[in-house]
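Okay, so here's the structure we're looking at.
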């Protein structure tokens, strides 16, 4: 489908999503939120997609909510924010639960909803010049975009409170030390590193990767016995797939597996 606020293409089983509002620092407005919801659905539905990269056009990853567009709604702002977050949260939910791993390539500042998006990704590569800040309370607002779910789980409650209440700016190095970022790379190498990582993931056992990440998420809320039952069912299901059988055979034959995503 056509997108108005992002770019989307698929090559070699890798989907690339590029936030494309560079004149507005890729800030989130209703068009971008709606596009994210639809592109998340597309990534979830297309079985040929085995890894996804999300990045931004220009010098910013995403500056957060588009406060200029918010202000234009005047007395209807509450209604408008409910619409924006309905789209955004549907996108976050789908990205989290889809089978293909999601890699963020943070090419500049990730603020507000931009930081929320980075926290929700499975793996996060950051350019050395990238910066991270919650930013919400600076504008008299509260966090959205799943950050109050993911951030405390990543950094712990006290650090999440510090980042949210003080709007502390983290460098890419600090964000990596705190677990928000997987790896920091030179600015010039960011996209190549993201492509390499996505290619590695896309060559893996896609079903197993998706099931594994869903298990890790459910482990936060399930009881021990329920979680172990989910593990039992997942590994039994995966063992019946073409990739599951190929992985076992390749191990026994002492050769690299050739996964097809089936």
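Numbering (my numbering), first residue to last: 6 to 267.
Glycine residues also receive a C-beta, built at the ideal position from the N, C-alpha and C atoms.
Check, Outcome
"Top-ranked residue by Cα proximity to residue 72, from 56, 58, 41, 143", "143"
"Between the CA atoms of residue 84 and residue 75 - distance to the nearest angstrom", "10 Å"
"Same chain only: Cβ atoms within 7 Å of residue 39, ignoring 5 sequence neighbours per side", "92"
"Selection from 6, 12, 17 that minimises the alpha carbon distance to residue 205", "17"
"Candidates 115, 56, 138, of which the one nearest residue 66 by Cα", "115"
"Top-ranked residue by Cα proximity to residue 176, from 169, 7, 186, 264", "186"
"Cut-off 7 Å between Cβ atoms - residues of its own chain near residue 189, not counting five sequence neighbours on either side", "131, 133, 177, 178, 181"
"Host beta strand (DSSP E) of residue 166 (start-end)", "Note, residue 166: premise wrong, no beta strand (DSSP E); alpha helix (DSSP H) at 162–171."
"Three-pair Cβ contact test at 8 Å for the segment 86–106 versus the segment 32–52", "yes"
"Exposure of residue 173, with buried meaning 16 or more beta-carbon neighbours within 10 Å", "exposed"
"Between the CA atoms of residue 253 and residue 136 - distance to the nearest angstrom", "42 Å"
"Beta carbon of residue 199 nearer than 7 Å to that of residue 56", "no"
"Span separating the alpha-carbon of residue 167 from that of residue 156", "11 Å"
"Coil, strand or helix - residue 176 by DSSP", "strand"
"Residues near residue 25 by beta carbon distance below 7 Å, same chain, minus five either side", "10, 11, 12, 62"
"Whole-number beta carbon distance between residue 113 and residue 64, since they are thought to touch under 8 Å", "5 Å"
"Residue environment, residue 221, which counts as buried when at least 16 other CB atoms sit within 10 Å", "exposed"
"Own chain residues within Cβ distance below 6 Å of residue 45, not counting five before or after", "96, 99, 100"
"Range of the contiguous alpha helix (DSSP H) that encloses residue 136", "Counting along the chain, residue 136 falls outside any alpha helix (DSSP H), though it belongs to the beta strand (DSSP E) covering 136–138."
"Burial state of residue 14, where buried means 16 or more other Cβ atoms lie within 10 Å", "exposed"
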